[in-house]
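A short write-up of the structure that comes next.
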Amino acid sequence: MSKNVLVTGGAGFIGRNMIRGMLGDGYHITSLDNFKIGGWEHIPEDIRDHVEWVQGDTRNIDLLMQVVKGKDSVIHLAAPSSFLMYEEDPVGGASVTTHGFINLLEAMRRQGLGKLVYASTSAVYEGNPVPYVESMKLSPPDLKALSKKWNEEVARQYSERYGITVIGMRPFSVYGHDEFSKGGYANVISLFVWAVLNDVIPVVWGDGRQTRDFIYVEDAGRAFQTALERDLATQEFNVGTGVETSFNEVLSLIGEELGKEIEPKFVDVPIAIYAQRLMADVSRAVEVLGFQHEVDVREGIRRVIKAARGAQSTQKWPGISSAQMYFETLPAS
């Protein structure tokens, strides 16, 4: 297959880790990003000079027409990554997610591109029992999930009407070693590690028994690349591990790795819509996509700790060491 690919949101957390793997496999990457979360200073040196970086917004159809031209396919990651971002700016979050997505599909249609792999979200399943299966009926409870579900429906329409293969990826709880650019929006694993290393008491919403299907960022990036490379029909895939881990278990693992007793601060959940359990059924990903995760939670936590310790002596540390305190500034719904 040809390897001239546009990645939107390539400077973001999943994007920059995915791009590293793709460059190693001989891809030529153009990235379109507004650098709002994944700022230039967070782009690793080993990929910085090997990608064509374009600063811009997916809501700019003229710009999309330019950057799509001559590409073979697209991986679309450009959208607010945290449900908190949609809570704080509902109009902006929904606008980027929906307007940017249909712009991209329309630009691809006009320029004759045939394949798109894009990030949906596991939040589309909320309200269903776990484990979440791709065939479940979706009734999204919040604006992020609703916007992503709309994207999935538009994707299928463009696939059926114009023959574009559109693969929707539904990531679960993605975490990893270099979430520094996300600050208080980072995954709870990173927030807990940063807090404990800074002798700050971790803040836990509820009783800590809520669970997530935590998938390491490099595994998540590999899932997107795998979907790009496989000859598949338009469909959706869970991007998870099929393993459910509670917040209390995460804190226990962090304590074991650091040799510390961790006593978190439990607070009431400050938002109205909050999932108590998240876990993927990974059967379709394994059997159809041919993807399985490689990094388990303990190993992932070790990598997060190692990266955080390396950041302690840098300018990144003061900004992230107490990033979790952002939780306590949220008004109760």
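When we follow the UniProt record's numbering, the leftmost residue of the sequence shown carries the number 1, and every step to the right adds one.
Backbone N, C-alpha and C define an ideal beta-carbon position, used for all residues, glycine too.
Which whole-angstrom value is the C-beta distance of F237 and M136, which I expect to be below 8 Å?
Wrong, their Cβ atoms sit about 13 Å apart, outside the cutoff.
Return the first residue and the last residue of the alpha helix (DSSP H) that V68 is part of.
61-68
Does G15 pass the burial test, meaning 16 or more other C-beta atoms within 10 Å, or should it be called exposed?
buried
C-alpha gap between L64 and H76, whole angstroms:
12 Å
Taking the Cβ atom as the reference point for each residue, do K144 and Y86 lie within a distance shorter than 7 Å?
yes
Buried or exposed for V91, please, with buried defined as at least 16 other CB atoms from any protein chain shown within 10 angstroms of its CB.
exposed
For the beta strand (DSSP E) that contains M169, what are its first and last residues?
165-171
Spatial distance of G279 from N128 (CA atoms):
The amino acid occupying residue 279 in the given sequence is Met; Gly does not appear at that position. Distance between the alpha carbons of M279 and N128: 11 Å.
Taking C-beta to C-beta, are E287 and N17 nearer than 7 Å?
no
Simplified DSSP state of N198, which is helix, strand or coil:
coil
Does the beta-carbon distance from E301 to F180 come in below 7 Å?
The sequence shown places Ile at residue 301, rather than the Glu named in the question. For I301 and F180, no; Cβs fall outside 7 Å.
Apart from the five residues just before and just after A220, which ones in its own chain have a Cβ nearer than 7 Å to its Cβ?
I14, P171, V174, V239
Answer with buried or exposed for N4, where buried requires no fewer than 16 other C-beta atoms within 10 angstroms of its C-beta.
exposed
Is A94 near S147, with beta carbons less than 7 Å apart?
yes
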